[in-house]
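Read in order, the letters of the sequence shown correspond to residues -20 to -1, 1 to 256 in mature numbering (1 follows the signal peptide of the UniProt record, and there is no 0).
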Amino acid sequence: MKTSLLISVIILQSLYAAFSLPLETKSIELVERECKDNRDDCNWIANNHYDVPKYCWAHRNDAFIKDCPKYCGFCKQPAPPQVFECEDTRDDCSWIAEHNNDVAAYCDRHRNDAFIKKCQKTCGFCKAPAPPIVCEDTRSDCDWINRNGENKESYCARNRNDPAVRECAKTCGFCKAPAPPEIITCEDTRDDCSWIAEHNDDVAAYCDRHRNDAFIKQCQRTCGYCKAPAPPKLACEDTRRDCDTINHIGEPKTTYCARNRNDPAVRECAKTCGFC
């Protein structure tokens, strides 16, 4: 009995000693993962594809693209989408769809009516505000672009797909706000143009038959005669300074340009080659 008790005491003492020993602890340091490319030939993307972001996104599951996260711009968390709320401000806007087969046409014809102005969502007139334009360089050494001995605009345009250049958006002027679209003001100049739709199933046909009537000429919007002006022609420029050599190669310029149209150096001489 005494022997059993002694053995039990020894076992308990051993267990106590074991669990009382100080445990060796190691601090775990959380290191923020660096975002970098894992291969040296990521610039192959820009050399073979004009739209780098589009190509990267389309092939984001490819092993090659996964090794080029920095080049493809996958390292930054995108900003959350802007929430834009547009609601009808009256409860009976459903009347429009219940009594008109073509809601868009009805809303457009009565756009200036007080009722329609309070049914913006039903009529599809909601437009999200333009997002603010934030233009910044994301690296601190962009001033080298001003000192590289080449015209800044030409250099930036020629190397637009280079990650280092893309990170100098402000210096290169890549994020200038586009000119606001021209607002086309085309309105009916009389209040009873709705008579046309109320008394004719085919508004377009009626307006066309009576196109020269004074009444129709004053109902341009109702009749769908409003036309936006043609968009301005795009500027056509060479993006490198040595394009004049094409004029002195001993071969007709048009032949040379057509034969080498897919050559990046030739594409950068769009004005000289007459590509635009």
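Idealized CB from N, CA, C, for every residue including glycine.
Nearest residue (CA-CA) to residue i, options the options
{"i": "Arg170", "options": "Ala77, Arg89, Arg221, Lys132", "result": "Arg89"}
{"i": "Tyr51", "options": "Asp224, Cys173, Asp20", "result": "Asp20"}
{"i": "Lys16", "options": "Cys223, Cys48, Asn41", "result": "Cys48"}
{"i": "Phe54", "options": "Ile229, Trp37, Phe154, Trp124", "result": "Trp37"}
{"i": "Trp24", "options": "Lys132, Cys256, Pro143, Cys199", "result": "Pro143"}
{"i": "Ala43", "options": "Asn28, Cys22, His29, Lys34", "result": "Cys22"}
{"i": "Asp172", "options": "Gln198, His29, Pro244, Thr151", "result": "Gln198"}
{"i": "Asp117", "options": "Asn41, Cys155, Gly230", "result": "Cys155"}
{"i": "Asp93", "options": "Asn18, Ser174, His29, His228", "result": "Ser174"}
{"i": "Thr151", "options": "Ile125, Gly129, Glu130", "result": "Ile125"}
{"i": "Cys115", "options": "Ala185, Phe95, Gly153, Ile229", "result": "Gly153"}
Where the alpha helix (DSSP H) through residue i begins and ends
{"i": "Ile196", "result": "194 to 197"}
{"i": "Ile25", "result": "24 to 28"}
{"i": "His179", "result": "174 to 179"}
{"i": "Cys187", "result": "183 to 189"}
{"i": "Lys207", "result": "Note, Lys207: premise wrong, no alpha helix (DSSP H); not H, not E."}
{"i": "Ile45", "result": "43 to 46"}
{"i": "Pro49", "result": "49 to 52"}
{"i": "Arg247", "result": "244 to 247"}
{"i": "Arg221", "result": "Where Arg221 is concerned, there is no enclosing alpha helix (DSSP H), given that its DSSP letter is neither H nor E."}
{"i": "Thr169", "result": "It is not in any alpha helix (DSSP H) - Thr169 carries neither H nor E in the DSSP assignment."}
{"i": "Cys36", "result": "32 to 38"}
{"i": "Lys233", "result": "233 to 239"}
{"i": "Cys256", "result": "No alpha helix (DSSP H) contains Cys256, which DSSP labels as neither H nor E."}
{"i": "Lys16", "result": "Run containing Lys16: none; DSSP gives neither H nor E here."}
{"i": "Arg140", "result": "Looking at the DSSP string, Arg140 is not in any alpha helix (DSSP H), and its letter there is neither H nor E."}
{"i": "Asp152", "result": "Here residue 152 is Cys; the residue named in the question, Asp, does not match the sequence. Counting along the chain, the alpha helix (DSSP H) containing Cys152 begins and ends at 149 to 152."}
Neighbourhood of residue i by C-beta distance below 8 Å, restricted to the same chain and skipping five residues each side
{"i": "Thr102", "result": "Asp68, Cys73, Ser74, Ile76, Ala77, Val83, Cys87"}
{"i": "Ile226", "result": "Lys233, Tyr236, Cys237, Val246, Cys249, Thr252, Cys253"}
{"i": "Arg119", "result": "Ala144, Glu147, Cys148"}
{"i": "Cys187", "result": "Ile176, Ile196, Cys199, Thr202, Cys203, Gly204, Tyr205"}
{"i": "His29", "result": "Tyr35"}
{"i": "Phe95", "result": "Arg70"}
{"i": "Lys132", "result": "Ile125, Asn126, Thr151, Cys152"}
7 Å CB neighbourhood of residue i in its chain, flanking five on each side removed
{"i": "Asn80", "result": "Tyr86"}
{"i": "Ser134", "result": "Thr219, Arg220, Arg221"}
{"i": "Arg127", "result": "none"}
{"i": "Glu167", "result": "Arg201"}
{"i": "Asn240", "result": "Val246"}
{"i": "Cys106", "result": "Cys66, Gln100"}
{"i": "residue 292", "result": "This structure gives no information on residue 292, because the portion of the chain shown stretches from -20 to 256."}
{"i": "Asn18", "result": "Asp47"}
{"i": "Cys122", "result": "Cys148, Thr151"}
{"i": "Asn139", "result": "Val145"}
{"i": "Ile229", "result": "Tyr236"}
Spatial neighbours of residue i in its chain, beta-carbon cut-off 6 Å, leaving aside the 5 residues before and after
{"i": "Glu217", "result": "Lys251"}
{"i": "Ala26", "result": "Val32, Asn141"}
{"i": "His39", "result": "Ile45"}
{"i": "Gln244", "result": "Before going further, note that residue 244 is Pro rather than Gln in the sequence given. Nothing meets the Cβ criterion."}
{"i": "Leu1", "result": "Unreliable placement is indicated for Leu1, whose pLDDT of 39 sits below 50; the coordinate value is still reported in the next sentence. Once the five neighbours on either side are set aside, Leu1 has no close Cβ partner at all."}
{"i": "Asn242", "result": "none"}
Check your understanding: Quick one: any contact between the stretch 227 to 235 and the stretch 188 to 206, if contact means 3 or more CB pairs under 8 Å?
Key -> no
Check your understanding: Can you find at least 3 beta carbon pairs, one from the stretch 136 to 150 and one from the stretch 181 to 197, that sit closer than 8 Å?
Key -> no
Point to revise | Entirely enclosed alpha helix (DSSP H) segments - the stretch 69 to 131, minimum 4 residues | key: 74 to 79, 83 to 89, 94 to 97, 100 to 103
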